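**Student:** Chains A and B are the protein sequences, given in the same order.
Number 61 in the working numbering belongs to position 61 of the first sequence; there are no gaps in the numbering.
Number 1184 in the working numbering belongs to position 184 of the second sequence; there are no gaps in the numbering.
This is the structure I have questions about; it appears just below.
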Amino acid sequence: MTKKTHLFAEDSFFLSRRKFMAVGAAFVAAMAIPVGWFANKLARRNDYIKARSAGLYQDDAIAKVRVSHRNPAIEKYYSDFGGEPLGHISHELLHTHFVDRTKLS
Amino acid sequence: MHHDQHDMRPILKHPLNVRVFHYILLMSFLPLAATGLLLFFKPLTDQGMELTYNIHIIAGVVMTLDAVAFTVMAFDRVVLFVARVFSLSERDVKWFMVLGGYPQKFLFGKKVPVPPMNKYNSGQKLFGACVLVGGTALILSGLVLWLIPHAAPRDLVWLLGMAHLASGLLLTAFLPVHLFLAVYRFDDFKAMMIHGNVPYHDAAEYTPLWVEQEIAPVATSGDELARK
């Protein structure tokens, strides 16, 4: 007595070990290609930041004036006119003042 | 051939677990495709888009659970499917050269010789490969885009978004072709949607190599059925 409604079915043992290995290898290869591609993209995602940093360091290394307070124009301003850094005249001239304009109406 | 001459002996083509898996896939993928297109073109109000997004997520979770459960519970079927989909030969090249004879049949009513096929023809194999690779890509990228878009690397999230879009559009484009040909091959349609069996004559016509190489009488041969 059987409840089966069919007379034929697939022979379930037709998948040989060799074929199973081939399928596994093909599947792993198919999955490895996008993984390799992603990994490569990930590894190179900060390349442009590294290139920018390297460029800035190189600019620094070859610059004649490497700190702002050695800027000849600034030095001339203090010696001829402003006196000393944080002095009274410099404070008057160089400081920015803010006015509240939100209540003009 | 007259109907009486058809060999109607049933061959089990789609076992119960495959049919259940296919039903859940159908019920989750149709809303996924529809809401995916809505999310891409954004035609609705903010509230409507939010509802669309929620439906997309729920259907996506259902599809993921379906795929994982089927892979775990019916691993042999998955291996068989992968084996069939990725087994290529000269016959597949010849099949694609005449496109299975379908355009000639539909457009000119002409029958051209088609190379003998195994359980799936070359077009079905191509679709199967797209479903396997694209479906896996959709599930993995969807999980990252939904759960950890803020924690994953920015470029990776962008790439996964593009992969999700491309795979989704590809599989959605396949959908009308799949539905049309499924109904056209009506014996196979009934096998997948109802009882799992195809009549011998249908299998022998469309999948001669499958019948020749893999089909055997069932061990507990239905003697009662045979006598009918």
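Just so you know, even glycine gets a beta-carbon here, dropped at the ideal spot from N, CA and C.
Note that the structure is predicted; figures quoted are calculated from it, not measured.
Per DSSP, Asn1197 of chain B is paired with what?
**Tutor:** In DSSP, Asn1197 of chain B forms a bridge with B:Leu1012.
**Student:** Among B:Gly1100, B:Gly1168, B:Lys1094, whose alpha-carbon lies nearest the alpha-carbon of Cys1130 of chain B?
**Tutor:** With distances taken between Cα atoms, Cys1130 of chain B lies closest to B:Gly1168.
**Student:** With 16 as the cutoff for other CB atoms within 10 Å, does Leu1107 of chain B come out buried or exposed?
**Tutor:** Answer is exposed; the Cβ neighbour count stays below 16.
**Student:** Between which two residues does the alpha helix (DSSP H) containing Phe1189 of chain B stretch?
**Tutor:** Where Phe1189 of chain B is concerned, the enclosing alpha helix (DSSP H) stretches over 1186-1190.
**Student:** Closer than 9 Å, Cβ to Cβ, to anything on chain B: give me those residues from the region 14-32 of chain A, in chain order.
**Tutor:** The region 14-32 of chain A vs chain B, Cβ under 9 Å: Phe14, Leu15, Lys19, Phe20, Ala22, Val23, Gly24, Ala26, Phe27, Ala30, Met31.
**Student:** Pull up the CB-CB distance for Ala1067 of chain B and Gly1135 of chain B, whole angstroms please, since I reckon it's below 8 Å.
**Tutor:** Indeed they touch by this definition, with Cβ atoms about 7 Å apart.
**Student:** I'd like to know if Ala9 of chain A contacts chain B, where contact means its C-beta is closer than 7 Å to some C-beta of that chain.
**Tutor:** Yes, contact with chain B.
**Student:** By the 10 Å Cβ neighbour count, where 16 or more other Cβ atoms means buried, how is His1164 of chain B classified, buried or exposed?
**Tutor:** Buried, by the Cβ-count rule.
**Student:** Where does Ala1034 of chain B fall in DSSP's three states?
**Tutor:** It is helical.
**Student:** Would you give the residue range spanned by the beta strand (DSSP E) that Glu10 of chain A belongs to?
**Tutor:** That run of the beta strand (DSSP E) goes 8-10.
**Student:** Rounded to whole angstroms, what's the CA-CA distance from His1006 of chain B to Tyr1102 of chain B? Just pull it up for me.
**Tutor:** Cα to Cα, the separation comes out at about 22 Å.
**Student:** Please work out which residues of its chain come closer than 7 Å, Cβ to Cβ, to Lys1094 of chain B, disregarding the five sequence neighbours upstream and downstream, and give them in chain order.
**Tutor:** Here the set comprises Pro1115.
**Student:** Quick one: grab the DSSP three-state call for Ala26 of chain A.
**Tutor:** Note: Ala26 of chain A maps to helix in three-state DSSP.
**Student:** Just to confirm my understanding: we take His88 of chain A, look at its own chain, exclude 5 residues before and 5 after, and list those with CB closer than 7 Å. What are they?
**Tutor:** Around His88 of chain A: no qualifying Cβ.
**Student:** Can you give the Cα-Cα distance for Asn46 of chain A and Leu1159 of chain B, rounded to whole angstroms?
**Tutor:** Roughly 15 Å separates the two Cα atoms.
**Student:** By the 10 Å Cβ neighbour count, where 16 or more other Cβ atoms means buried, how is Trp1146 of chain B classified, buried or exposed?
**Tutor:** Result: exposed.
**Student:** Which residue's Cα is closest to the Cα of Ala26 of chain A: B:Asn1118, B:Phe1081, B:Thr1035?
**Tutor:** Of the candidates B:Asn1118, B:Phe1081, B:Thr1035, the one whose C-alpha sits nearest the C-alpha of Ala26 of chain A is B:Phe1081.
**Student:** Under 7 Å, Cβ to Cβ, is there at least one residue of chain B near Lys4 of chain A?
**Tutor:** By this cut-off, Lys4 of chain A is an interface position.
**Student:** If Leu42 of chain A and Pro1010 of chain B are in contact, beta carbons under 8 Å, what's the gap, nearest whole angstrom?
**Tutor:** Leu42 of chain A to Pro1010 of chain B, Cβ: 52 Å. No contact.
**Student:** Do we get a CB-CB distance below 7 Å when we pair Arg45 of chain A with the residues of chain B?
**Tutor:** Closer than 7 Å to some Cβ of chain B, the Cβ of Arg45 of chain A qualifies, so yes.
**Student:** Enumerate in chain order the residues of its own chain whose CB-to-CB distance from Gly1196 of chain B is below 7 Å, with the five nearest sequence positions on each side excluded.
**Tutor:** Hits under 7 Å: Leu1012, Lys1013, His1014, Pro1015, Leu1016, Arg1019.
**Student:** Please decide whether Val1020 of chain B counts as near chain A, where near means a Cβ-Cβ distance under 7 Å.
**Tutor:** No, because no Cβ of chain A sits closer than 7 Å to the Cβ of Val1020 of chain B.
**Student:** For Ala63 of chain A, count neighbouring Cβ atoms within 10 angstroms of its own Cβ and tell me buried if that reaches 16, exposed if not.
**Tutor:** Flag for Ala63 of chain A reads exposed.
**Student:** Could you give the first and the last residue of the continuous beta strand (DSSP E) run that contains Ile1215 of chain B?
**Tutor:** Unbroken beta strand (DSSP E) run through Ile1215 of chain B: 1215-1217.
**Student:** Consider the Cβ of Arg1009 of chain B: report whether some Cβ of chain C lies at a distance smaller than 7 Å.
**Tutor:** Among the protein chains of the structure shown, namely A and B, there is no chain C.
**Student:** Are Val1112 of chain B and Val1133 of chain B close, meaning C-beta to C-beta below 7 Å?
**Tutor:** No, the Cβ-Cβ distance between Val1112 of chain B and Val1133 of chain B is not below 7 Å.
**Student:** Roughly how many angstroms separate the alpha carbons of Phe1186 of chain B and His1201 of chain B, rounded to a whole number?
**Tutor:** Using only the alpha carbons, I get a separation of about 13 Å.
**Student:** Please list the segments of the alpha helix (DSSP H) lying wholly inside the region 1025-1089 of chain B, counting only runs of 4 or more residues, in order along the chain.
**Tutor:** Within the region 1025-1089 of chain B, the complete alpha helix (DSSP H) runs of at least 4 residues are 1046-1073, 1075-1085.
**Student:** Excluding the 5 residues flanking Phe1127 of chain B on each side, which residues of the same chain have their C-beta closer than 7 Å to its C-beta?
**Tutor:** If we look at Phe1127 of chain B and ignore the five residues flanking it on each side, its Cβ neighbours are Phe1174, His1178.
**Student:** Could you check what DSSP says for Pro1153 of chain B in three-state terms: helix, strand or coil?
**Tutor:** Coil at Pro1153 of chain B, not helix or strand.
**Student:** Pick helix, strand or coil for Tyr1120 of chain B, following the three-state DSSP scheme.
**Tutor:** Tyr1120 of chain B: coil per DSSP, three-state reduction.
**Student:** Hey, is the region 1018-1032 of chain B in contact with the region 1059-1079 of chain B, meaning 3+ C-beta pairs nearer than 8 Å?
**Tutor:** They touch, by the three-pair rule.
**Student:** Determine the DSSP secondary structure at Met1 of chain A, reduced to helix, strand or coil.
**Tutor:** Residue placement at Met1 of chain A cannot be trusted, given a pLDDT of 49 that sits under 50; what the coordinates show is reported in the next sentence. If DSSP states are grouped into helix, strand and coil, Met1 of chain A belongs with coil.
**Student:** Got a sec? Which residues, its chain only, sit under 8 Å from Val1157 of chain B by beta carbon, not counting five neighbours each side?
**Tutor:** For Val1157 of chain B, where only same-chain residues beyond five positions count, the Cβ hits under 8 Å are Val1144, Leu1145, Pro1149.
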